[in-house]
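Taking this note's numbering, the leading residue of the sequence shown gets 1, the next gets one more, and so forth.
Encoded as structure tokens, the structure appears first; notes follow it.
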Amino acid sequence: MNILEFLRFSFEALRDRKLRSALTILMVIIGSGLMVSINGMGEGMNAYVTEALQNLAPNVLIVTKAPVIRTGHGGSQTNPIELNQGTVTRIKQIPGVDDVIPVIIRYATLKVGGQEMRVTVTGVDQTKVLKITPTLELEEGQFVSPYDATGLVVGHTIKQPPGRTTPLVRLGQVVTLEYNVIKEVAGVQKVETKSRSFVVKGILKEYGVGAAVEFERAVIISPVAAASLFETSGKYDAICVVTKSVDINEQVAEKIREMYHGNIGVMSQKSAVVTIQKVMSGFSVFLLSIAAVSLIVAAVGIVTTLFTSVIERTREIGVLKALGFKNSTIMVLFLGEAVIIGIVGASLGLIFGCGLCYILLNLPTGAEYSVRITPVYSPGGLLFIWIFSVIVSAIAGFYPAWRASKLDPVVALRRE
């Protein structure tokens, strides 16, 4: 028998038991499909975050307040440094620093024409913002000056929210920013709502994601306006340090850490990308291992299906052996059934996994902020999952096929 005859014989055996074969193939489809889906989502998220951080200029360091580290006795080992003008002045004195740009980031509700949208409000010197994100461009208008208390720039999604046929915000329009402040009065915390009107002086081009801000849904105001609006008392949420060269990033970062005895967070584009890629890679491996369990369950289903087939076809096996079929031939016939289950299940699983990934990434979440992540599939990754699924199926079918090949033909022929 040639290979085509082996496959035809195995295929006909599966076709004679349609329901059982279909359910076993379905198990393989689900297992391989989950692996494809998780792999696509993981790679897509990795690409999304990497792209976001790469929009940041390579010679920029992000300085943040370090988290409080607790000791085993419940005390505080380190105290986070407050970021203020004093911090800015000290960092400016470090050799290799070209500029220091403080940033204030808060969340607020933008109201205009009876409509409202939750937005990120960023207070930053817009004459220097291109030092941080060189790819940022205006579609209309201009950036506001560092001391402009009433002007703002809005992201492209704020101008034209998804689903709208007409712009929500236009150049020169007056909009209102509303936010909540928690204040303690006589020992009782109360929520106070504040609002302020601004004039739209600029609209950003479609941008995507930024290093620290999602500019599509961002409102950018001057640092003076942000400090007054949010009553920050001279404190900043982050400080962007522009170095004179990307080659001295680590040296400058180390100087900043030494200056504050490690009680401050410093992150570069390169270190952030590497760290996030490691985290995403580990998370993807964890999820893939869970998906692989479902493929192992499918393998158990293949073992059960083939063992049942061997029991039902014991007399048939005896007849084949009486006709001169070798043990190896019998084994290949049954092993062929497992391989066909694996090939069909893995092939359909690739299609199912790609579709499932697309559906999951496009499900409405109801969240105020959503990101658009595109699944990423590599031919090598898909081929690996396909081959892995087929190999697992073949391994699962090996023992039942071996048992079938070892049946005594005399005993098999006596079986009713």
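For glycine and all other residues, C-beta sits at the position ideal for the given N, C-alpha and C.
What you are looking at is a predicted structure, and each value in this text was computed from that prediction instead of being measured.
Comparing C-alpha distances from LYS131 to each of GLN93, GLU139, VAL119 and VAL246 shows the shortest one belongs to VAL246. By the criterion of at least three beta-carbon pairs nearer than 8 Å, the segment 21–35 is in contact with the segment 288–302. CA-to-CA, the gap between LEU138 and ILE385 works out to about 44 Å.
If the five residues before and after THR176 are omitted, its C-beta is found closer than 6 Å to the C-beta atoms of LYS111, SER195 and SER197, all from its own chain and listed in chain order.
Taking 7 Å as the cut-off, the beta carbon of PHE325 is found no closer than this to the beta carbon of ALA404. Across the structure, THR305 and PHE9 are spaced so that their CA atoms are roughly 16 Å apart. Taking the C-beta atoms as reference points, VAL376 is found no nearer than 7 Å to THR50. When DSSP states are grouped into helix, strand and coil, GLN85 belongs to the helix group.
By the C-beta criterion, the segment 248–257 is judged not to be in contact with the segment 228–238, since fewer than 3 inter-stretch pairs fall below 8 Å. Per the coordinates, the alpha-carbon of GLN142 lies some 15 Å from the alpha-carbon of LYS159.
Between ASN84 and GLY381, the C-beta gap is not smaller than 7 Å, which leaves the two residues out of contact.
For the 7 Å CB-CB criterion, ALA346 and VAL279 do not form a contact. Around the C-beta of ASN46, 16 or more other C-beta atoms lie within 10 Å, and the residue is accordingly described as buried.
ASP125 counts as buried, since at least 16 other C-beta atoms from the protein chains shown sit within 10 angstroms of its C-beta. Around the beta carbon of GLN269, 16 or more other beta carbons lie within 10 angstroms, which makes this residue buried.
By the Cβ neighbour-count rule, LEU383 is exposed, with fewer than 16 other Cβ atoms within 10 Å of its own.
Secondary structure note for SER228: its alpha helix (DSSP H) is the uninterrupted segment 223–230. Its Cα nearest to that of GLN173, the residue GLY113 stands out among GLN189, VAL224 and GLY113. If you ignore the 5 residues before and after LEU152, its C-beta comes within less than 6 Å of the C-beta of PHE198, VAL219 and ILE221, all in its own chain and listed in chain order.
For GLU250, the uninterrupted alpha helix (DSSP H) segment begins and ends at 249–259. Residue state for PRO102 is assigned as strand, using DSSP reduced to three classes. In the three-state reduction of the DSSP assignment, TYR48 falls in the helix class, which pools H, G and I. VAL169 and TYR147 have their C-alpha atoms roughly 23 Å apart. Put simply, the backbone Cα of LEU56 is about 56 Å away from that of LEU7. Contact check for ILE81 against ILE264 passes: the beta carbons are separated by less than 7 Å.
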